[in-house]
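Participant:
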Amino acid sequence: MSAPIVHGGGITEAAARYGGRPEDWLDLSTGINPCPVALPAVPERAWHRLPDRQTVDDARSAAADYYRTNGVLPLPVPGTQSVIQLLPRLAPANRHVAIFGPTYGEYARVLEAAGFAVDRVADADALTAEHGLVIVVNPNNPTGRALAPAELLAIAARQKASGGLLLVDEAFGDLEPQLSVAGHASGQGNLIVFRSFGKFFGLAGLRLGFVVATEPVLASFADWLGPWAVSGPALTISKALMQGDTKAIAAGILERRAGLDAALDGAGLNRIGGTGLFVLVEHPRAALLQERLCEAHILTRKFDYAPTWLRVGLAPDAAGDRRLADALARMEL
2 MSAPIVHGGG ITEAAARYGG RPEDWLDLST GINPCPVALP AVPERAWHRL
52 PDRQTVDDAR SAAADYYRTN GVLPLPVPGT QSVIQLLPRL APANRHVAIF
102 GPTYGEYARV LEAAGFAVDR VADADALTAE HGLVIVVNPN NPTGRALAPA
152 ELLAIAARQK ASGGLLLVDE AFGDLEPQLS VAGHASGQGN LIVFRSFGKF
202 FGLAGLRLGF VVATEPVLAS FADWLGPWAV SGPALTISKA LMQGDTKAIA
252 AGILERRAGL DAALDGAGLN RIGGTGLFVL VEHPRAALLQ ERLCEAHILT
302 RKFDYAPTWL RVGLAPDAAG DRRLADALAR MEL
């Protein structure tokens, strides 16, 4: 197995290296809503019993409405990472995998570890009939690149003609529902969509995601995951929140994003991409910038494959924006 990828959120490790208590750090290293929503009441039976069919069905129905799946009941999974791990079972054997990149590194790591030849491609022009599985993160992490649904459906049709699959990861799609192709999965046949629950709602610790695909694909994932893969409390919480006022959550995220933009612009940093939940900055000394921020107990995300990039997530409040702005103003790079 290849070496694990370094992801955002390593506050404990950063504090051990640069000092301070982890709880006193400002974590801007993730793409997660820093203002988690209030949790709905969870019936005691959800904690006391294994999740029953009604609990699962209710969550799936809520997800179908929320993700606008055109009749498909999404499969709840214990975080989308769990189904990324299962992709080697689904990908057509003895064919290459194409991943639109640079993007979330776990796709390539898992598939290469399973023996697949993985091609990192920039766009659809690089695709061939040899690619049995094409993976697109849309909008992309960390660049924020977004492909229109028509472009994705064209790729899906091309893949179908050669007996291949298209996987679209819409982990950051809640703020841009117009980009989603989840409503086309039932008719396309070879289209699979992954959705993340925790990023938008600020509940990454819940470990919950959904898969939208044809019934045979969903049945395969369900069989591989085994029974009771998602907890009753997670299903209950997701149902309530997806049926609630998500416009208020989106407005809060966009307000936090505006605060981040102002802090970065005030420091003269070059914003080159991002989504509602993070910004990608380009700086010739990005590694040093990240280190100086760590010395101020502010954690951001750097990239080994792009030494001039730095991803900066949202602060939970205006005080966090000011803390970032003040730290940047004191720097000499």
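Numbering (our numbering), first residue to last: 2 to 334.
Glycine is no exception: its CB is placed at the ideal position from the N, C-alpha and C atoms.
The structure displayed is predicted, hence computed values, not measured ones.
Just to confirm my understanding: we take G184, look at its own chain, exclude 5 residues before and 5 after, and list those with CB closer than 7 Å. What are they?
Facilitator: Sequence index remark: in the sequence shown, residue 184 carries index 183 (1-based). Closer than 7 Å at the Cβ level, and outside the excluded window around G184, lie R69, T70, N71.
Participant: Which stretch, first to last residue, makes up the alpha helix (DSSP H) that contains T13?
Facilitator: Counting from 1 along the sequence shown, the entry for residue 13 is found at position 12. Taken as a continuous stretch (DSSP letters only), the alpha helix (DSSP H) holding T13 covers 12 to 19.
Participant: Identify every residue that forms a DSSP beta bridge with D170.
Facilitator: Here residue 170 is taken as the residue at index 169 of the sequence shown, counted from 1. Looking at the DSSP assignment, D170 forms a beta bridge with V138, F195.
Participant: Under the rule that 16 or more other beta-carbon atoms within 10 Å means buried, what is M332, buried or exposed?
Facilitator: Residue 332 sits at position 331 when you count from the first residue of the sequence shown. It counts as exposed.
Participant: Keeping to the same chain, check which residues put their C-beta closer than 7 Å to that of P228; ignore five residues upstream and five downstream.
Facilitator: Within the sequence shown, residue 228 is the residue found at index 227, counting from 1. Nothing meets the Cβ criterion.
Participant: Have a look at P77 and A149 and give me their C-alpha separation to the nearest angstrom.
Facilitator: Residue numbering aside, residue 77 sits at position 76 when the sequence shown is read from its first letter. Residue numbering aside, residue 149 sits at position 148 when the sequence shown is read from its first letter. If I take the Cα positions, the gap works out to 26 Å.
Participant: Return the CA-CA distance between A127 and A118, expressed in angstroms with no decimal places.
Facilitator: For the purposes of this step, residue 127 is taken as the residue at position 126 of the sequence shown. For the purposes of this step, residue 118 is taken as the residue at position 117 of the sequence shown. Cα to Cα, A127 sits roughly 15 Å from A118.
Participant: Measure the alpha-carbon distance for A316 versus I250 and round it to whole angstroms.
Facilitator: Stepping through the sequence shown from its first residue, residue 316 is reached at position 315. Stepping through the sequence shown from its first residue, residue 250 is reached at position 249. Whole-angstrom Cα-Cα distance: 15 Å.
Participant: Could you tell me the alpha carbon to alpha carbon distance between S62 and A268, rounded to whole angstroms?
Facilitator: Here the question's residue 62 lines up with position 61 in the sequence shown. Here the question's residue 268 lines up with position 267 in the sequence shown. In a straight line, the C-alpha of S62 is about 46 Å away from that of A268.
Participant: For R96 versus E45, is the C-beta spacing smaller than 9 Å?
Facilitator: Your numbering for residue 96 matches position 95 in the sequence shown. Your numbering for residue 45 matches position 44 in the sequence shown. Taking 9 Å as the Cβ cut-off, R96 and E45 do not qualify as a contacting pair.
Participant: Using C-beta distances below 8 Å, list every residue in its chain close to Y19, excluding the 5 sequence neighbours before and after it, in chain order.
Facilitator: In the sequence shown, counting from the first residue as 1, residue 19 sits at position 18. These residues qualify, in order along the chain: C295, E296, H298.
Participant: For R196 and E216, what's the separation of their Cα atoms in angstroms?
Facilitator: Walking along the sequence shown from the start, residue 196 turns up at place 195. Walking along the sequence shown from the start, residue 216 turns up at place 215. Cα-Cα distance, rounded: 17 Å.
Participant: On the DSSP letters alone, give me the boundaries of the beta strand (DSSP E) that I100 sits inside.
Facilitator: Here residue 100 refers to the residue found at position 99 of the sequence shown. Where I100 is concerned, the enclosing beta strand (DSSP E) stretches over 97 to 101.
Participant: Can you tell me which of the three DSSP states M2 falls into?
Facilitator: Here residue 2 refers to the residue found at position 1 of the sequence shown. Residue confidence for M2 is low, a pLDDT of 46 falling below 50, so the modelled location carries little weight and cannot support an answer.
Participant: Out of T301, G275, L278, which one is the CA nearest neighbour of A287?
Facilitator: Within the sequence shown, the letter at position 286 stands for residue 287. Residue T301 is the option with its Cα nearest to A287.
Participant: For G12, collect the residues of the same chain with a Cβ closer than 7 Å to its Cβ; drop the 5 residues on either side in sequence, then sort them by chain order.
Facilitator: Along the sequence shown, read from residue 1 onward, the residue named residue 12 stands at position 11. In the sequence on display, residue 12 carries Ile and not Gly. Taken in chain order, the residues that qualify are P23, W26, D28, L300.
Participant: Comparing alpha-carbon positions, which option in P143, D327, L153 lies nearest L265?
Facilitator: Position 264 of the sequence shown, counted from the first residue, corresponds to residue 265. Checking every option, the nearest Cα to that of L265 belongs to D327.
Participant: Check G275 in the structure and name its three-state DSSP category.
Facilitator: Stepping through the sequence shown from its first residue, residue 275 is reached at position 274. Three-state result, G275: strand.
Participant: Are E177 and G314 close, meaning C-beta to C-beta below 9 Å?
Facilitator: Against the sequence shown, residue 177 aligns to sequence position 176. Against the sequence shown, residue 314 aligns to sequence position 313. No, Cβ-Cβ distance for E177 and G314 is not below 9 Å.
Participant: So what does DSSP say about H49, is it helix, strand or coil?
Facilitator: For the purposes of this step, residue 49 is identified with residue 48 of the sequence shown, where counting begins at 1. DSSP places H49 in helix when its eight states are reduced to three.
Participant: Whose C-beta lies closer than 7 Å to the C-beta of G145 among residues of the same chain, with five residues either side of it excluded?
Facilitator: Residue mapping note: residue 145 aligns to position 144 of the sequence shown, counting from 1. G274, G275, T276, L281.
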